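Report on the structure given below.
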Amino acid sequence: MVESITTIITTLGFPSVDAFIGALFLVLAVVAVIVVISTIKPVLDMFPYTYPNARVRARSGRLFTDKEFSEIVEADNIEEVKNYLRGVPDYAKYIDQYPLEKALDAQLAESYDLVARITPDNSKEVFKFLLKKWDIRNIKSIIIAKQAGLNLDETLNLLVPFGTLTDKLDTLVEAETVTEVLNGLEGTEYPKILEDAIPLYNETGLLLPLESAMDNYLLENLLRSSATPEDDNTLLLHNYVGTMVDVANIKIILRAKADNLKYDDIEFYMISDGYQIREWKLKELMEAEDVAGVVSGLEGTSYAPMLSDAMTEYSETRSMSSFEMALDSHVFKNGKTISLKNQFGIGPMIGFLNKKEKEIRNLKIIARSKREEGYSTAMIKEMLI
Amino acid sequence: MVVVVLGTALAAIGAGIAVGMAGLGSGIGQGIAAAGSVGAVAEDPDMFARGLIFTALPETQAIYGFLIAILLLVFSGIMGGASSLTTTAGLVAIGAGSAVGFAGLGSGMGQGITASSAAGAVVEDPDMFARGIIFTAISETQAIYGFLIAILLLVFGGIL
């Protein structure tokens, strides 16, 4: 056998068995390196997501099922809803501490905070920026409270105890007027964001320019920070954020056109660029004659089919809620689709936040319905997203 | 000084590939499974035992590689006792080591990914435990193929 192997090696052109073995090792070493690198690379890409994904999947498992939602909807009054939530550890810690709506928002903010803390570095910037949502929400609540003349306790009940401005909130709530609140923001990034909106507020006394400037700042920067796709994960994140931006823009234009507003009236409130709907298309939509013109202008985008259906309902009722529900539902469906696309990457985190937003929104709908008279169980179920 | 012939030296390389590659796959797989399990335990401390089971599963590939490496070392004469191997037998030993090593590399990483997902699925829905174990165990088959071929090579290649 040894002779036959030696003959084969010699016929292959190797001067000796040792030379053949040396060449064989070289080839094996190269093959081994190629195999190891090509198999390890994709595995290492998914490695940073394994820990955060397990955590968010644990939280996803604690979200309410349809059956549990039915039980909450069937509660006789708001106290029963609160009692139900007291039995759920994620909500229990906030329910007795805050009014119900604030408790729900605090739980949602905690979920965003968790994801921002545990997400891997390449998506951290976007999720960290997303936490400004709570700063903006708190500033908006304070200026609305000051405008409405709410007292200190009523104002505090509107604030969510999350975000980066928590230390400053105590000073802001003690302000007497909206202008004092705005002055109190010195030293933060917000005075610069509001520099165009403040003169408009001073001129009209309306809070809308201030609110819009802050909302746009959040969405524009989220879109920008997720716009440099390094890999599949950031690409999906950009899609998720981009859809939120597009939906925000479409809602503004539809509402404006329903009120017969023109291009110049709307421009200030728009986010300058979008995801599917880019700047030139936004201009075209803003110049549309009416709501039907906006809907037909969106032909060819993924928003067209659901808006066409909502248009039929709008023609009958003249209510914007058909568009708003269709667009909100689209955002949730898009989030769900994205969450299923990259199960070993960012998918579960987007899926979790998406489902959590939906859960909180549905709980708020139930809470509102239980506070007011005349909502049957069937009606509440109809209103849920 | 112990004189090591070429055949025995080749068997030693085979042993190195067996335990090295299998250990690499097993280590990466176990790291992925452990990261997922730690995440699950952070949210639900009752997941500790189940997380440990999922983390332990990708260990088997390293055990297969270790066993083949020990057999190679014992029967190649490098640890004394047995007679030295011929060059041909040494090449067979490299084949055996590569079989269990590379099979263990792929199997270990695959099993780690599945184990991590299964830990996530179980913490989301505890009823997923048995199904998670079954899915995770499927990746074991490639390592078993490699291990069986390595044993057959050792037996019929004249080493054992």
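From first to last, the protein sequence lines are chains A and B. Mind the numbering: the first sequence is residues 228 to 612 in our numbering, read in order. Mind the numbering: the second sequence is residues 5 to 164 in our numbering, read in order. Quick reminder that beta carbons are idealized off the backbone N, C-alpha and C, glycines included. In this text the structure is predicted, and so the values were computed from the model without any measurement.
At a C-beta separation below 7 Å, Phe-106/B has these neighbours in chain A: Val-262.
The C-beta distance from Gly-150/B to Phe-79/B rounds to 19 Å, too long to meet the 8 Å contact threshold.
Residue environment: Thr-346/A is assigned as buried (16 or more neighbouring CB atoms within 10 Å of its CB, all protein chains considered). Spatial neighbours of Tyr-339/A in its own chain (CB-CB distance under 8 Å, excluding positions within 5 residues in sequence) are listed in chain order as Phe-354, Leu-357, Leu-358, Lys-360, Trp-361, Phe-389 and Leu-580. At a cut-off of 8 Å, the C-beta of Met-513/A has no neighbouring C-beta in chain B. In this structure, DSSP gives Ser-523/A a helical state, which the three-state scheme calls helix.
Of all residues in the stretch 117-139 of chain B, only Ile-117, Ser-120, Ser-121, Ala-123, Gly-124, Ala-125, Val-127, Glu-128 and Asp-129 come within less than 8 Å of chain A when Cβ atoms are compared, listed by chain position. With a beta-carbon spacing of about 5 Å, Gly-81/B and Thr-12/B fall inside the 8 Å limit used to define contacts. At a cut-off of 8 Å between beta-carbon atoms, Val-342/A makes no contact with chain B. The C-alpha of Tyr-278/A is placed about 23 Å away from the C-alpha of Val-263/A. Proximity of Glu-144/B to chain A, defined by a Cβ-Cβ separation below 8 Å, is not satisfied. Excluding its 5 nearest sequence neighbours in each direction, Val-408/A has C-beta neighbours in its own chain below 7 Å: Ile-369, Ile-370, Lys-373, Leu-399 and Ala-402, listed in chain order. Contact between the stretch 243-250 of chain A and the stretch 437-454 of chain A is not established, with fewer than three Cβ pairs separated by less than 8 Å. The beta-carbon of Glu-63/B is placed no less than 8 Å from the nearest beta-carbon of chain A.
Shown here for Ser-111/B: same chain residues with a beta carbon closer than 6 Å to its own, the five before and five after excluded, namely Gln-65, Ser-143, Gln-146 and Ala-147 in chain order.
Cα atoms of Leu-327/A and Gly-31/B: separation of roughly 48 Å, rounded to the nearest angstrom.
Contact with chain A is absent for Asp-50/B, since none of that chain's Cβ atoms lies less than 8 Å from the residue's Cβ. Taking each of Thr-91/B, Leu-156/B and Ala-123/B in turn and checking the Cα distance to Asp-48/B, the smallest one comes out for Ala-123/B. Close partners of Ser-566/A in chain B (Cβ separation under 8 Å) are lacking, with about 13 Å as the shortest Cβ gap.
By the neighbour-count criterion, in which 16 or more other beta carbons inside 10 Å mark a residue as buried, Thr-118/B falls on the buried side. Scanning the stretch 374-408 of chain A for uninterrupted beta strand (DSSP E) segments of 3 residues or longer gives nothing; none is fully contained. Around Ala-39/B, the beta-carbon contacts reaching into chain A at under 8 Å are Phe-274, Thr-277, Tyr-278 and Ala-281. Contact between Met-441/A and Arg-482/A is absent: CB atoms are separated by about 18 Å, not below the 8 Å threshold. Taken in chain order, the complete alpha helix (DSSP H) segments of 4 residues or longer contained in the stretch 46-79 of chain B are 52-60 and 64-79. Residue environment for Asp-332/A: buried (at least 16 other C-beta atoms within 10 angstroms of its C-beta).
Below the 8 Å Cβ cutoff, chain A contributes Thr-266 as neighbours of Gly-110/B, in chain order. A Cβ-Cβ distance of about 21 Å is found for the pair Ala-141/B and Ile-72/B, leaving them out of contact under the 8 Å criterion.
At a Cβ-Cβ threshold of 8 Å, Asp-473/A and Ile-504/A count as neighbours. For Ile-236/A, no CB of chain B lies under 8 Å from its own CB, so it is not counted at the interface with that chain. Contact between Tyr-276/A and Ile-573/A holds, with the beta-carbon distance rounding to 7 Å and staying under 8 Å. Taken in chain order, the whole alpha helix (DSSP H) runs of length 4 or more contained in the stretch 497-550 of chain A are 506-513, 518-524 and 531-544. Inter-residue distance for Glu-494/A and Phe-571/A is about 41 Å (C-alpha atoms, whole angstroms).
Taking 8 Å as the cut-off, the beta carbon of Leu-75/B is found no closer than this to the beta carbon of Leu-156/B. Per the Cβ contact rule, the stretch 310-324 of chain A is not in contact with the stretch 8-26 of chain B (fewer than 3 Cβ pairs under 8 Å). Note that the C-beta distance between Asn-304/A and Lys-597/A is below 8 Å. Secondary structure of Leu-412/A (DSSP, three-state): coil.
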